[in-house]
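A short worksheet on the structure shown next.
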Amino acid sequence: MDVLYFAWVRERIGLPREQIDTTAATVMALIEELKAREERYALAFCDLKSLRVALDQKLSSFDAPLAGVREVAFFPPMTGG
Amino acid sequence: MDVLYFAWVRERIGLPREQIDTTAATVMALIEELKAREERYALAFCDLKSLRVALDQKLSSFDAPLAGVREVAFFPPMTGG
Amino acid sequence: MHLSVQKAAFDAGAELNAFSAGVVGAGAVVSFTGIVRDADGTLSAMEIEHYPGMTEAAIGAIITQAQTRWDLADVLVIHRYGRLEPGAQIMMVATAARHRVAAFEAAEFLMDYLKSRAPFWKKEFGHDGATWVAAKEEDESALTRW
Amino acid sequence: MHLSVQKAAFDAGAELNAFSAGVVGAGAVVSFTGIVRDADGTLSAMEIEHYPGMTEAAIGAIITQAQTRWDLADVLVIHRYGRLEPGAQIMMVATAARHRVAAFEAAEFLMDYLKSRAPFWKKEFGHDGATWVAAKEEDESALTRW
Numbered sequence: 000m001d002v003l004y005f006a007w008v009r010e011r012i013g014l015p016r017e018q019i020d021t022t023a024a025t026v027m028a029l030i031e032e033l034k035a036r037e038e039r040y041a042l043a044f045c046d047l048k049s050l051r052v053a054l055d056q057k058l059s060s061f062d063a064p065l066a067g068v069r070e071v072a073f074f075p076p077m078t079g080g
Numbered sequence: 000m001d002v003l004y005f006a007w008v009r010e011r012i013g014l015p016r017e018q019i020d021t022t023a024a025t026v027m028a029l030i031e032e033l034k035a036r037e038e039r040y041a042l043a044f045c046d047l048k049s050l051r052v053a054l055d056q057k058l059s060s061f062d063a064p065l066a067g068v069r070e071v072a073f074f075p076p077m078t079g080g
Numbered sequence: 000m001h002l003s004v005q006k007a008a009f010d011a012g013a014e015l016n017a018f019s020a021g022v023v024g025a026g027a028v029v030s031f032t033g034i035v036r037d038a039d040g041t042l043s044a045m046e047i048e049h050y051p052g053m054t055e056a057a058i059g060a061i062i063t064q065a066q067t068r069w070d071l072a073d074v075l076v077i078h079r080y081g082r083l084e085p086g087a088q089i090m091m092v093a094t095a096a097r098h099r100v101a102a103f104e105a106a107e108f109l110m111d112y113l114k115s116r117a118p119f120w121k122k123e124f125g126h127d128g129a130t131w132v133a134a135k136e137e138d139e140s141a142l143t144r145w
Numbered sequence: 000m001h002l003s004v005q006k007a008a009f010d011a012g013a014e015l016n017a018f019s020a021g022v023v024g025a026g027a028v029v030s031f032t033g034i035v036r037d038a039d040g041t042l043s044a045m046e047i048e049h050y051p052g053m054t055e056a057a058i059g060a061i062i063t064q065a066q067t068r069w070d071l072a073d074v075l076v077i078h079r080y081g082r083l084e085p086g087a088q089i090m091m092v093a094t095a096a097r098h099r100v101a102a103f104e105a106a107e108f109l110m111d112y113l114k115s116r117a118p119f120w121k122k123e124f125g126h127d128g129a130t131w132v133a134a135k136e137e138d139e140s141a142l143t144r145w
C-alpha cells in the first residue's frame with residue numbers, strides 16, 4: 000500500500016511517501032500501527048483533529064476500511080484558493 | 000427650469016428637453032400642468048408608478064418641492080448593468 | 000477609484016490587469032462583465048441611453064457607498080452607452096479587497112445598484128421592432144438584501 | 000470547462016478574455032483572482048504544495064457540483080503550486096451564466112470549496128522562518144451556506 004504525506008505531516012515524518020505492508024483493517028488501525036513504530040510518526044499523528052485522510056485520492060474518514068485501497072494520504076486541513 | 004425626458008418618456012413627448020416657466024410648487028403640480036397642456040404629455044405621464052423623477056440629477060419623489068431646482072428629469076425605472 | 004461612462008468598447012482583460020496591477024495589499028480581485036445577450040435569437044442590437052452628468056454622479060455615489068461598507072483597496076466601474084451588438088460587452092465592475100468575501104459582496108452590491116439606480120435605459124431592436132427593456136421586479140427587490 | 004493546475008504564472012486578463020470569447024449566450028461573466036498578500040510586510044515568499052492527481056480530481060468534482068447547481072455556460076479554474084512571491088497571482092476562477100446571480104453564486108461556491116476541499120497547502124516564508132498556513136474556522140463554516 001502506498002502511503003503519502005503532505006505539508007507538515009510530510010515534514011514531521013521526513014518523507015513524502017512510502018510503501019507499507021499492513022494488515023490494518025481501518026485507517027485508524029493503520030495510524031495506531033504507524034504511531035507505535037517511531038517517535039516521528041507518533042508526533043505526526045498526535046492530533047487527529049488537525050489531520051485529514053484521503054483513500055485513493057478521495058477524502059475519507061478515520062474509521063473507513065482499507066480493504067482494496069491502494070493509496071492512503073495523510074495531510075493537514077487544506078488551504079487552497 | 001430645464002425639464003429633461005429619457006427613454007420612452009422622451010419618445011412619447013417627442014423631445015429630449017425643454018425650458019419651462021412654471022410656478023408649480025411640487026413635482027406633482029408640474030406633472031399636472033404638463034398633462035393639461037397636450038395629449039402627448041398626458042400619455043407620457045399617465046402611469047406614475049412606471050415613472051421616476053430626478054431633481055438636479057438626484058432621484059427624488061413626486062411630492063418634492065421645486066423651489067430652487069434648476070433641472071427636472073422624468074424617466075422610466077432604470078435598466079443599467 | 001476608476002469610473003468611466005463611455006461609448007467606446009473596452010478590453011475587459013486589459014482593464015482587469017491594469018486594475019490588479021494598481022492595487023497594493025489586496026488578496027482578492029473580483030470582476031463582473033455584462034454582455035449583450037441575444038436571449039431568443041431575434042435581437043439585432045441594443046441601444047443604451049443615459050443621463051450625462053447624473054450617470055457619473057449616481058455611479059460615484061454607489062461606489063462611495065460600497066467603499067464605506069467594505070474595506071476595499073480599489074473599485075472600477077466602466078459602463079457603455081450607445082448602440083451595442085449581441086455579444087458586445089456592456090459594462091464591467093471590479094473590486095479589490097484583502098479577503099474574498101468583501102470583494103465578492105462589494106461587486107454584487109455595485110451590480111445590484113447599477114441595475115436600478117444608475118440612469119441607463121436599454122432599448123432592444125429585433126425583427127418586430129424596438130422595445131424598451133422593462134425594469135425587473137427582482138432587480139428592485141435585490142436591493143433589499145443590502 | 001477549463002481546469003489547470005500549474006506551476007507557471009498566468010495572465011488573468013488574457014485568460015478572462017479567452018474565456019469570455021469562448022462563451023455563447025452568457026450575459027454575465029464573473030472572475031476571481033487570488034493574490035499572494037504580504038499582510039504585515041514580513042512575507043518573503045509562499046510555497047504551495049499539492050497532491051498531484053487528487054488535486055485535479057477534487058477540483059473537477061467541485062466544478063461538476065457547481066454545474067449541477069447552477070445553469071452555467073462555462074467554468075474556468077486555474078490554480079498554481081510552487082514558490083510564489085508577494086503580489087503574484089495564486090489562482091483564478093471564472094464563471095459565465097445567463098444572469099448575474101448565478102455567475103456570482105457559482106464563483107463564490109467554487110472559491111469556498113477550493114479553499115478547504117482542494118488538496119493545496121500553503122507555507123509562508125518570513126523573517127523568522129517558515130510556517131504552514133492554518134486552515135481558518137471561517138473557511139470551513141463558509142461551506143455551510145451551500
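Here the protein sequences line up with chains A, B, C and D, keeping their order.
Throughout the first sequence, residue numbering follows numbering that gives the first Met the number 0, covering 0 to 80 in sequence.
Throughout the second sequence, residue numbering follows numbering that gives the first Met the number 0, covering 0 to 80 in sequence.
Throughout the third sequence, residue numbering follows numbering that gives the first Met the number 0, covering 0 to 145 in sequence.
Throughout the fourth sequence, residue numbering follows numbering that gives the first Met the number 0, covering 0 to 145 in sequence.
Yeah, the Cβ is synthetic: ideal placement off N, Cα and C, and Gly gets one too.
Predicted, not measured: the structure shown is a model, and the values here were computed from it.
Quick one: using the 10 Å Cβ neighbour count with 16 as the cut-off for buried, is residue i buried or exposed?
| i | result |
| --- | --- |
| residue 15 of chain D | buried |
| residue 33 of chain C | buried |
| residue 63 of chain C | exposed |
| residue 78 of chain C | buried |
| residue 45 of chain C | buried |
| residue 96 of chain D | buried |
| residue 14 of chain B | exposed |
| residue 21 of chain C | exposed |
| residue 47 of chain B | exposed |
| residue 0 of chain D | exposed |
| residue 99 of chain D | buried |
| residue 101 of chain D | buried |
| residue 74 of chain D | buried |
| residue 78 of chain A | buried |
Give the single residue among the options whose Cα lies nearest to the Cα of residue i.
| i | options | result |
| --- | --- | --- |
| residue 118 of chain C | C/49, C/60, C/103, C/130 | C/49 |
| residue 115 of chain D | D/124, D/137, D/100 | D/137 |
| residue 121 of chain D | A/6, A/48, A/31, A/19 | A/6 |
| residue 26 of chain D | D/51, D/70, D/113 | D/70 |
| residue 72 of chain C | C/18, C/55, C/145 | C/18 |
| residue 0 of chain B | B/66, B/35, B/60, B/44 | B/66 |
| residue 124 of chain D | D/84, D/28, D/5 | D/84 |
| residue 8 of chain C | C/82, C/140, C/23, C/53 | C/82 |
| residue 62 of chain B | B/78, B/33, B/28 | B/28 |
| residue 10 of chain C | C/37, C/56, C/90, C/80 | C/90 |
| residue 66 of chain C | C/141, C/143, C/94 | C/94 |
| residue 5 of chain D | D/52, D/29, D/60, D/38 | D/52 |
Nearest chain B C-beta to residue i closer than 7 Å, yes or no?
| i | result |
| --- | --- |
| residue 2 of chain C | no |
| residue 51 of chain C | no |
| residue 48 of chain C | yes |
| residue 134 of chain C | yes |
Hey, does residue i have any beta-carbon neighbour from chain D nearer than 7 Å?
| i | result |
| --- | --- |
| residue 108 of chain C | no |
| residue 77 of chain A | yes |
| residue 103 of chain C | yes |
| residue 119 of chain C | no |
| residue 18 of chain A | no |
| residue 80 of chain A | yes |
| residue 75 of chain C | no |
Tell me which same chain residues have a C-beta within less than 6 Å of the C-beta of residue i, skipping the five on either side of it?
| i | result |
| --- | --- |
| residue 87 of chain C | 35 |
| residue 31 of chain C | 92, 106, 110 |
| residue 8 of chain A | 43, 73, 74 |
| residue 145 of chain C | 108 |
| residue 76 of chain D | 2, 58, 92 |
So if DSSP puts residue i in a beta bridge, which residue, or which two residues, is it bridged to?
| i | result |
| --- | --- |
| residue 53 of chain B | B/58, B/72 |
| residue 73 of chain C | C/95 |
| residue 105 of chain D | None, per the DSSP bridge assignment. |
| residue 3 of chain B | B/16, B/72 |
| residue 119 of chain D | D/49 |
| residue 27 of chain A | Looking at the DSSP assignment, residue 27 of chain A forms no beta bridge with any residue, so it has no partner. |
| residue 33 of chain C | C/90, D/27 |
Cβ of residue i less than 7 Å from any chain C Cβ?
| i | result |
| --- | --- |
| residue 43 of chain D | no |
| residue 6 of chain B | yes |
| residue 115 of chain D | no |
| residue 13 of chain B | no |
| residue 68 of chain D | no |
Is residue i near the ligand MG - that is, is its Cβ less than 6 Å away from at least one heavy atom of it?
| i | result |
| --- | --- |
| residue 108 of chain C | Questions concerning the ligand MG fall outside what the structure shown contains, since it holds no ligand whatsoever. |
How about residue i: is its C-beta nearer than 7 Å to some C-beta of chain A?
| i | result |
| --- | --- |
| residue 84 of chain D | no |
| residue 80 of chain D | no |
| residue 145 of chain D | no |
| residue 125 of chain D | no |
Can you give me the Cβ contacts of residue i inside the same chain, cut-off strictly under 7 Å, excluding the 5 residues immediately before and after it?
| i | result |
| --- | --- |
| residue 11 of chain A | 39, 42, 43 |
| residue 69 of chain A | 0, 1, 55 |
| residue 43 of chain C | 124, 125 |
| residue 19 of chain A | 0, 2 |
Ignore the nearest five residues each way along the sequence and tell me which others in residue i's own chain have a CB closer than 8 Å to its CB.
| i | result |
| --- | --- |
| residue 59 of chain B | 26, 52, 53 |
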